[in-house]
Every structure is written in structure tokens, then in C-alpha cells.
Amino acid sequence: MQAKGKVIAVTGAGSGIGRELALLLLTKGAKVAGVDVNAAALARTAALAGNRATEFAEFVTDITDRSAVEALPGQVIARFGTVDGIINNAGIIQPFLRLKDLDYGTIERVLNVNLLGTLFVTKAFFALPAATARGAHRQPVEHGRLCSRPRPDHLWGRQSRREAVVRRSWG
Ligand SMILES: NC(=O)c1ccc[n+]([C@@H]2O[C@H](COP(=O)([O-])OP(=O)(O)OC[C@H]3O[C@@H](n4cnc5c(N)ncnc54)[C@H](O)[C@@H]3O)[C@@H](O)[C@H]2O)c1
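For the sequence shown, our numbering assigns the number 847 to the initial residue and increments by one for each residue that follows.
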């Protein structure tokens, strides 16, 4: 699928990989619904979009808030008329501790965002009728992982990672 003319929702578009994915999709001619819990960060992504900023819409949403997430597809369609795909990128990492040293509050926070939040987003967009969205939203792109392991390449490679995600999905 080519990115040009497509409407893609990107969670975690306020920073890091999500921001880079959003900006790359915009340069490829896509419209991007940027979703993030951090309003200021999302506004910064919009500012970085430059002359493509009109094709970027900000949706300040906590993906662990199920009712807010359920309202999201309708808001994206109200703004762009349709939705073609979602990139489940938003996520948090736990401190790099041994399991025995991780407290349950931290474990639950990570599971709520990375597992349930991702599930809420995917399910909300999958609920759209094919006539409303163009169908491709039923193939969500996941690129985070539930738990991160400490490896040096966690600190590098954002550029190649975002290129790989977009190339694999939208040409
Ligand atoms: N950076 C890496 O090397 C690396 C490695 C493995 C996995 N990942 C995963 O890739 C994804 C992006 O990583 P990153 O380094 O760009 O992270 P980041 O922290 O720079 O960006 C994550 C974004 O998600 C947003 N977010 C967090 N919780 C949210 C919530 N509840 N609702 C909505 N938005 C929320 C944050 O505000 C932030 O803007 C994450 O899921 C991360 O776990 C990253």
C-alpha cells in the first residue's frame, strides 16, 4: 500500500519513533492522526510538520482510557473522512530491573499501556465498518514490544526502524 493519500493514525506521535513515523508519512503524502497523551509533545510534532502541518491532526488521548479510545475513530473520520491504517507505537518501558525487583504498580502500568492500550486502539478501529474506513485499518502495524530487554541497540537506530516500519507497510 502506498502512503500517498492515505489516512494513518499513529499512537505515541508526540515523540521518538512515533514522531518520526508521523513526519515520514507526511513527507510521503499521507494524512496523519497523531495520538498522544502529551499535548505539548503532540503540538511540537505538528510544528515540526512545517508545510505539511495541515495534514496532521492532534488527538490528545490516553490509550489506557477505553472510552476516550472508543471515541477516537469517529473523531479521525470527522477530521479526514476515512482511516486507512493504524500504527500502534505508543508504549512505555519498565526500569531495567530483574523481575523480582519490579513492583506490581510498575508492572501494571506497563501492561495497561503496552497491552491493554494497544488492544483498545486496535479494537476501536477494527469496529469501524469497511464502508466508513477503507479496510486497511484492519491490518494494524505493531512495532513496540510488551517488555524491553536492555540492549545497546535500544538506544540507536530510530531512523532505520521508522524507515522499516513505513516501507513494510506503505511502500
Ligand atoms: N526506542 C527504542 O529503542 C525502543 C526499543 C524497543 C521498543 N520500543 C518501543 O517503541 C515505542 C516507541 O518508543 P520511543 O523510544 O519512541 O518512546 P518515547 O517515549 O520517545 O515515545 C512514546 C510516546 O508514547 C506516548 N505515550 C506513552 N503512554 C501513552 C498513553 N498511555 N497514551 C498515549 N500516548 C502515550 C508518550 O507520550 C510518547 O510521546 C514504544 O512502544 C517503545 O516501548 C522502543
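Positions of the beta carbon are idealized from the N, C-alpha and C atoms, including for glycine.
Computed from a predicted structure; not experimentally measured.
| What are the start and end residues of each continuous alpha helix (DSSP H) run of 4 or more residues lying completely inside the segment 857 to 889, in chain order? | 862 to 873
| query | Is glycine 880 near ligand 1, with its Cβ less than 6 Å from a heavy atom? | reply | no
| request: Assign threonine 891 to buried or exposed, taking buried as 16 or more other Cβ atoms, counted over all protein chains shown, within 10 Å of its Cβ. | output: Result: buried.
| said: Looking at ligand 1, does it come within less than 6 Å of glycine 860, judged from the CB to the closest heavy atom? | reply: yes
| Distance, alanine 849 Cα to glycine 957 Cα | The residue you asked about is not glycine; residue 957 is leucine in the sequence shown. Looking at the two C-alpha atoms, the distance is approximately 31 Å.
| said: Following a CB-centred definition, is aspartate 930 positioned closer than 6 Å to any heavy atom of ligand 1? | reply: Flag unset: Cβ of aspartate 930 not near ligand 1.
| query | Alpha carbon to alpha carbon, what distance is there between glycine 896 and valine 967? | reply | 27 Å
| query | For leucine 871, which residues from the same chain have a beta carbon less than 6 Å from its beta carbon, with the 5 sequence-adjacent residues on both sides left out? | reply | The beta carbon of leucine 871 sits closer than 6 Å to the beta carbons of Ala849, Ile854, Val878 from its chain, once the five residues preceding and following it are set aside; these are given in chain order.
| Beta-ladder partner(s) of alanine 855, from DSSP | Ala879, Ile932
| task | Compute the distance between the beta-carbons of phenylalanine 905 and valine 929, then report whether it is under 7 Å. | result | No, Cβ-Cβ distance for phenylalanine 905 and valine 929 is not below 7 Å.
| task | Compute the Euclidean distance between the alpha carbons of glycine 860 and leucine 974, then round it to the nearest angstrom. | result | Each residue's CA atom was taken as its position, placing glycine 860 and leucine 974 some 25 Å apart.
| request: Pull up the distance between the alpha-carbon of tyrosine 950 and that of alanine 893, whole angstroms please. | output: Between tyrosine 950 and alanine 893, the C-alpha separation is close to 38 Å.
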